[in-house]
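A quick write-up on the structure given underneath.
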Amino acid sequence: MIIEAAPLSVLFSFTFNSFALLSLLAVTINTVLIILINSKGFQVSANRWFVVTLFTLVIWGTTEALSRFSANPTASVFWSGMGMLGWAFVAPVFLAFTLVYIGNERFATSHIRQILLFGPSFIFLFLGWNTNLINNRNIGQFHEIYYGWNSPSAPLFWLVILWIDVVFIVALTFLISYWLKVKEDTKKRQTLLFIFAVLIPIVGGSITNGIMPILHIEVFPAAILLTSVMSLIITYAILRYKLFVISPATVVSNVVGTMNEALIAFNPSYVIEFVNNAVKELFDFNKEELIGKSIRMLMPGDKDWRLFRERIIEPLNRQDSISAQEIDFVDKHHESVSVSFSGSNLRDSKGNKIGVVGVATDVREIKKLLNSMSAERNKLDVILSSIVEGIIAIDRSCKIILFNNAAEKITGLNAKDMLQKNAEIVLPMDSPEGKINVKDFIYKGKEKEDTVTGIKKNVRITRGDGKEVYVDLVGSSIKEAEDINLGAIILLHDISKEKELEEMKLDFVSMAAHELRTPLTSIRGYLSVLQEELGTILDKEQRSFLDKAFISSSQLAALVENLLSVSRIERGALRIEVEPADWEPIVHEAVNNFDPQSKEKDIKISIKFQEKKLPKVLVDKFRISEVLSNLIANAISYTHPGGNITISAIQKGKEVETSVADTGQGIPESAIPKLFTKFFRVSGVLEQGSKGTGLGLYISKAIVDMHGGKIWVKSALGKGSIFSFKIPTASQSAIKGLENTKTKRTFIKANQKLATPIAQG
C-alpha cells in the first residue's frame, strides 16, 4: 500500500469529528452485546458464531471511527483498509451463524464449506490492500467533507457490495424457510425477529454504503449503525426467548435437581456432604437428615457395609469409576431398598481425591419384573416339556433356537446338539412331493398378525438311530417375529402309529381282495357255464335267478378290483406307462363297450370331436380307458331312460379336454367338493337304484393326476352333470424324449383288465 511508508505520526494524527462518535456508539453496542452473550454461556456453537459476528462489527466500527478522526487522507486510507477486516467478513460469519441456528451443525466442522464461504473475503481483503480495485487508495482523489474524508468508488467496489448482499440474502432465505417449517411458537417468533433484523443492513446498509457511493451521490454511510441495530434485535431475540443462555452451571444444577436417580456425594471419611432431591423419593430422608451423617446409616447391617466397601470403596481406591453394582440400602423405615450403584472419584485441581460421588438407581421393580419373567419362563419350560407334540423354533437364518423334549423323542436327536445348528442340514425331511425345505416355513416380509406359514403332511424324518418316523408339520409365525429374529415355530405331530395302522389296513384290504379274486373267478366261470349249458333247459324264473347271480358276482369282482386299485394308489405302487396314442379311437372303444347298457336303458350316446383332427396324447391306454369307463358308467346309471349322453373332445393349447355330459339327475352343490374322495356317495334320491362303491371317481382322479392332468365336474340338480378332464398332448419334443431315453414310468398291471364299473357313484 502507498501508506505503508507513512510515519506513525501521520497515521495517528487525529482531529475531533462528531460523526466518528456514531461509529464509536456502534463499537460500544456490539462490545456490550459480546460481554452479555458470553456471560450467558459460550458453549453453544451458534452462540460462538454470533459473538464472532459482533466482533467483526467492533473491528469495522473502530476502524471507521479512526478513519473519521484522521487529520489527513493518508491516515484515513490506512484505517479504511484496516476496516475490511471487519466489514468484508460480517456477511459470511452471519451466514455461518444462521446455518448453525437452523440445525446445520455440519457446517461448523466442515473445512471445505468454510473455505468456500470465507475464501472470497480473503480475496477481497488482498485486493483491497494491494490494488485500487476494491479500495480507492489514490490520496490525490480524497477530499474532506462533513463526516470525514471521501473519494470516488474503486472500479470493483460494486462487486464486493453485491457479494455481501447476496450472502445476507442467502442467510435471509434460510431463515424464512426455517420460519415456514418450524412448529414451535417460541422458535417461530424468534426467527421472525431474526428475519426483520437482517432486512435492516440488507436494505439500509446497501443504500448508504454501496449504491449511493457507486452512483457518486454523497450521503452519510450508516451501514455500521444499521448492522448494529440488527445485532441488537438478534440479541434481544436470543435473550427474550432463552436461546443460547444456558450456562454449564445452570445445566448441572438443573440436571442434578431433576434427575430421578439419587445422587450422593461423601468425603473420604464417608460423611455425606451432598444429596439431590431424589433421595427423598428413594429413601424417604430429607436432605437435612442425611447431610453430615455417615453413609453407613443407609446400610442394613455390618454384612451389607462390608459388601459396600468390597464392591464400591475398594474398587474406587484402585480406579476412578465403577458402574452398575447391585447393593442393598435401607430407607428411613428400615425397609430394604435394592439399588444399582455407580460412582466416581471427586478430585481437586491438583488431582487429589476429595471424595466420591455416586448415583443410586432403584431396581426393585426391575427385580420384580425379572423374577416374574423367570417364573413365566419356568412355566413355559414345563409346558413345552410336557407337550406331546414336537416344537422346533428357528430364527430367520434357519438356525434352531428351541427344541423341546417331544421333538427329541420324535427325532431321536439331542436338543443341546441341535441348538444354533442349521435346521436344513441337521434335520433333513422329505415328503411324497419331494424334499422339505425348512426355510419355506419362514414368513417372507413383515407379519401384520400371527399367521400359519405352511402345512406339510406325511413328512418322513430319519431319526438319529436310523429309524424312520412320519410326522405332519405345521409352521407358524407371530407378528413380532422380525423384531425378535424369530423365523418360524414348527409343530411336529407324530403320525408313525397312524401310518403303521394305515399300512396294516392296506395290507389287509390287498390280501382280502387277492384272496377273494380266485373264488370269484371260479364262481363267475361256473355261472357262465351254467348259463350256456342250461340256458335252454331252465324256465324263465330259474334263468332270471342265474342271471342275477352272475351280475352280482360281476359287481363283487369289480369291487375287488377297485379295492386293489385303491390299495396300489395309496401305497404309491400304481404306476402308468405313457406312450403317444390317438385319442379318438380310445374314446370310440370305450363308448362301444357300453352299447348294450345304453340300449337297454334307451339312452343315446353321441360323440363330438373338433373339426380338426385331435393331436396324439401321452397316455397309458389301459388306465385312461378306465377313467372314461367310470365316467360313462356313472352317466348311464344316473340318467333316466330316454336321456342323452354326449362325449366331446377338443384341443386347448398343449392339452386335450374331454367331457362326458348327461341329462341325468344332477349332483347337489354341497356334494361336489367330496365327489372325488374314497367311498363317498351322494345320499338321497341319487342313491336309489345305484349299486356303486364310491371308489370309481377316486380312482379316476388318481389316474388323471398321474397323467399330469386335471378332472372336475359341473352339475345342477334336475339338469344333469358334465364331468371333464384334461390330459397333455404328445408334442414332438416329448415323443423324441421318450424314444431317446427309452425310459417309461414303471407300470404295475393287474392280472386281468378291471371289470367295467357299474354305477360307481
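Following this note's numbering, the numbering of the sequence shown begins with 565 at its first residue and continues without gaps.
Cβ coordinates follow ideal geometry from the N, Cα and C atoms, glycine included.
1) Can the beta-carbon of G1051 be found closer than 9 Å to that of L1037?
2) Cα separation between L803 and D729?
3) Taking just the CA atoms, how far does D1184 sit from V1191?
4) From K1230 to L1239, what does the alpha carbon distance come to, in whole angstroms?
5) How would you label Q754, buried or exposed, when you count the other beta carbons within 10 angstroms and need 16 or more for buried?
6) Taking C-alpha atoms, which residue in V724, L827, K857 and F682 lies nearest to L691?
7) How many Å lie between E1141 and I947 at the Cα?
8) Work out the CA separation of G1028 and E1153 for me, nearest whole Å.
9) Would you kindly work out how many angstroms separate the C-alpha atoms of L1261 and T1100, rounded to a whole number?
10) State the start and end residues of the unbroken beta strand (DSSP E) segment that holds S1295.
11) Is it right to say M937 is buried, meaning 16 or more other beta carbons lie within 10 angstroms of its own, or is it exposed?
12) What's the C-alpha gap between E929 and K1003?
13) For a quick check, are the C-beta atoms of I955 and L1056 less than 9 Å apart?
14) Between which residues of its own chain and A584 is the CB-CB distance below 6 Å, once the five residues before and five after are set aside?
15) Can you give the beta carbon distance from L663 to I698, rounded, assuming they're within the 8 Å contact cut?
16) Using the Cα positions of S887 and S900, report the straight-line distance between them to the nearest angstrom.
17) Of the choices I1214, T799, D1111 and T1227, whose alpha-carbon is the least far from that of I1291?
18) Taking the continuous alpha helix (DSSP H) assigned at Q754, which residues delimit it?
19) Taking the beta carbon of P777 as the centre, do at least 16 other beta carbons fall within 10 Å, making it buried, or is it exposed?
20) With DSSP collapsed to three states, give me the class of Y1034.
21) Could you pull out every residue in the same chain whose Cβ sits closer than 8 Å to the Cβ of L1094, ignoring the five residues on either side in sequence?
22) From which residue to which residue does the beta strand (DSSP E) around G915 run?
23) Sort out for me which residues DSSP pairs K745 with in a bridge.
24) Which of the three DSSP states, helix, strand or coil, is assigned to T506?
25) What distance in whole Å lies between the Cβ atoms of A652 and L621, which are believed to be in contact at a cut-off of 8 Å?
26) Evaluate contact between the region 729-740 and the region 751-765, counting only Cβ atoms and requiring at least three cross-stretch pairs below 8 Å.
27) Going residue by residue through the region 928-988, where are the continuous alpha helix (DSSP H) segments of at least 4 residues, counting only ones entirely within it?
28) Give the single residue among A660, E825 and M982 whose Cα lies nearest to the Cα of V734.
29) State whether the region 865-882 contacts the region 840-849, with contact taken as three or more CB pairs (one from each stretch) at a distance under 8 Å.
30) Are A1225 and A1199 touching if we call contact CB-CB under 9 Å?
31) By Cβ distance below 7 Å, which residues in the same chain neighbour W613 in space, the five residues on each side in sequence not counted?
32) Quick check on S717: does DSSP put it in helix, strand or coil?
33) With DSSP as the reference, label P996 as helix, strand or coil.
34) Using a Cβ-Cβ cutoff of less than 7 Å, which residues in the same chain neighbour V574 once the five nearest sequence positions on both sides are dropped?
35) Out of N611, I1006 and F967, which has the shortest C-alpha to C-alpha gap to Q984?
36) Identify the continuous alpha helix (DSSP H) that holds A850 and give its terminal residues.
In brief:
1) When the beta-carbon positions are compared, G1051 and L1037 stay at least 9 Å from each other.
2) 27 Å
3) 11 Å
4) According to the sequence provided, residue 1230 is Gly. The question's Lys does not apply to it. Pairing G1230 with L1239, the inter-Cα distance amounts to about 12 Å.
5) buried
6) V724
7) 52 Å
8) 55 Å
9) 40 Å
10) From DSSP, S1295 is part of no beta strand (DSSP E); its letter is neither H nor E.
11) exposed
12) Going by the C-alpha atoms only, they are around 40 Å apart.
13) yes
14) A629, R632 and F633
15) Not confirmed; about 26 Å, so no contact.
16) Linking S887 to S900 through their CA atoms gives a straight-line distance of about 21 Å.
17) I1214
18) Counting along the chain, the unbroken alpha helix (DSSP H) around Q754 starts and ends at D749 to I764.
19) buried
20) Here Y1034 carries a strand assignment [DSSP, helix/strand/coil].
21) L1110
22) From DSSP, G915 is part of no beta strand (DSSP E); its letter is neither H nor E.
23) Beta-bridge pairing by DSSP links K745 to no other residue.
24) Because the chain here runs from 565 to 1325, residue 506 falls outside it and cannot be looked at.
25) So it is not a contact: roughly 12 Å between Cβ atoms.
26) Yes, the region 729-740 is in contact with the region 751-765.
27) Those alpha helix (DSSP H) runs which fall completely within the region 928-988 and span 4+ residues are 928-950, 969-975 and 979-982.
28) A660
29) no
30) yes
31) So the qualifying residues of the chain are V657, A660, F661 and V664.
32) coil
33) coil
34) N636, T638 and A639
35) F967
36) Per the sequence shown, the amino acid found at residue 850 is Asn instead of Ala. No alpha helix (DSSP H) contains N850, which DSSP labels as neither H nor E.
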